[in-house]
């Protein structure tokens, strides 16, 4: 079984007012809180995704399809079994960000990359929505409808979630922490950010993002060797697992990207309202 977080993630409002997003938009207090939740949820989901890659490498887990899809599913399952309203909201944000990425790419004229190791953005979004609905239709029916999830797909989501959840439980049972086990070291490093990215470093540290992921791994997954969880400047919006150095890396630029997408959504809403009033 997945053990739950010992501590609840802090929804700290330490985020800087948008610095790399739309400068002419001033957020209301409510929108600012939504921004914090949006970034928090997506950073946590992404860290669990990269942790999935680490587990696949360290425990030589056989993956029979796309590894990216498999660890997407694991990240969603980990957060779903928390049975926390906060985590449920985070998962909604994690689904929504993929829709925003798809919309932003389309407006920027980017072509779909069918050869990429990741599924398409909308596919990743709908997979999260499907698992949410499959795990608890009564909780997530409205959200699935809002995201325009096709009815014929919803019909199979309960089965899809159940099978994937059960299979992941079977996989992790081979390296689940047991009473009396002593785990390998999981170190944490917040590298110094550039001045433009210092707000994102402060956000991660004040919310103890890496510490919470460290704690979850330590009590759930027995590691064969030490790993490190690190946040740093990467010069590109990214997060990744480095199998050579045994590091899970979160780039501060990815937090800026999440913020930019949130502001893009605000801009779209303003533009639609203006068009409706013209």
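Numbering (my numbering), first residue to last: 3 to 280. Glycine residues also receive a C-beta, built at the ideal position from the N, C-alpha and C atoms.
Distance, residue j Cα to residue i Cα
{"i": "residue 242", "j": "residue 233", "result": "11 Å"}
{"i": "residue 45", "j": "residue 257", "result": "7 Å"}
{"i": "residue 271", "j": "residue 155", "result": "28 Å"}
{"i": "residue 171", "j": "residue 222", "result": "11 Å"}
{"i": "residue 43", "j": "residue 37", "result": "10 Å"}
{"i": "residue 182", "j": "residue 218", "result": "17 Å"}
{"i": "residue 149", "j": "residue 210", "result": "31 Å"}
{"i": "residue 200", "j": "residue 40", "result": "19 Å"}
{"i": "residue 196", "j": "residue 246", "result": "26 Å"}
{"i": "residue 108", "j": "residue 259", "result": "16 Å"}
{"i": "residue 190", "j": "residue 88", "result": "24 Å"}
{"i": "residue 29", "j": "residue 268", "result": "9 Å"}
{"i": "residue 254", "j": "residue 184", "result": "32 Å"}
{"i": "residue 34", "j": "residue 106", "result": "21 Å"}
is_contact[residue i, chain B] using C-beta, thresh 8 Å
{"i": "residue 217", "result": "Given the protein chain composition of this structure (a single chain), no chain B is represented."}
Beta carbon of residue i nearer than 8 Å to that of residue j
{"i": "residue 186", "j": "residue 239", "result": "no"}
{"i": "residue 173", "j": "residue 80", "result": "no"}
{"i": "residue 135", "j": "residue 146", "result": "yes"}
{"i": "residue 224", "j": "residue 252", "result": "no"}
{"i": "residue 93", "j": "residue 65", "result": "no"}
{"i": "residue 77", "j": "residue 97", "result": "no"}
{"i": "residue 163", "j": "residue 133", "result": "yes"}
{"i": "residue 75", "j": "residue 141", "result": "no"}
6 Å CB neighbourhood of residue i in its chain, flanking five on each side removed
{"i": "residue 23", "result": "Note that residue 23 has pLDDT 47, beneath the 50 cutoff, so the model's placement of it is unreliable and the number below is only indicative. Cβ within range, chain order: 261, 262, 265."}
{"i": "residue 123", "result": "100, 103, 104"}
{"i": "residue 73", "result": "51, 54, 55"}
{"i": "residue 111", "result": "none"}
{"i": "residue 120", "result": "70"}
{"i": "residue 82", "result": "137"}
{"i": "residue 47", "result": "77, 96"}
Collapsed DSSP secondary structure at residue i in the structure displayed
{"i": "residue 232", "result": "strand"}
{"i": "residue 190", "result": "strand"}
{"i": "residue 252", "result": "strand"}
{"i": "residue 244", "result": "strand"}
{"i": "residue 67", "result": "coil"}
{"i": "residue 195", "result": "coil"}
{"i": "residue 23", "result": "At residue 23 the pLDDT is 47, less than 50, meaning the model places this residue with poor confidence and gives no usable figure here."}
Terminal residues of the alpha helix (DSSP H) in which residue i lies
{"i": "residue 223", "result": "Unbroken run through residue 223: none, as it is neither H nor E."}
{"i": "residue 201", "result": "200-208"}
{"i": "residue 185", "result": "Note, residue 185: premise wrong, no alpha helix (DSSP H); not H, not E."}
{"i": "residue 57", "result": "31-60"}
{"i": "residue 237", "result": "No alpha helix (DSSP H) holds residue 237; DSSP gives it neither H nor E."}
{"i": "residue 83", "result": "It is not in any alpha helix (DSSP H) - residue 83 carries neither H nor E in the DSSP assignment."}
{"i": "residue 127", "result": "123-137"}
{"i": "residue 163", "result": "153-174"}
Contact set for residue i: own chain, Cβ-Cβ below 7 Å, skip 5 residues either direction
{"i": "residue 207", "result": "192"}
{"i": "residue 57", "result": "63, 223"}
Close-in-space but distant-in-sequence residues of the same chain around residue i (CB under 8 Å, 5 per side omitted)
{"i": "residue 230", "result": "188, 189, 190, 191, 247, 248, 249, 250"}
{"i": "residue 27", "result": "20, 265, 268, 269, 272"}
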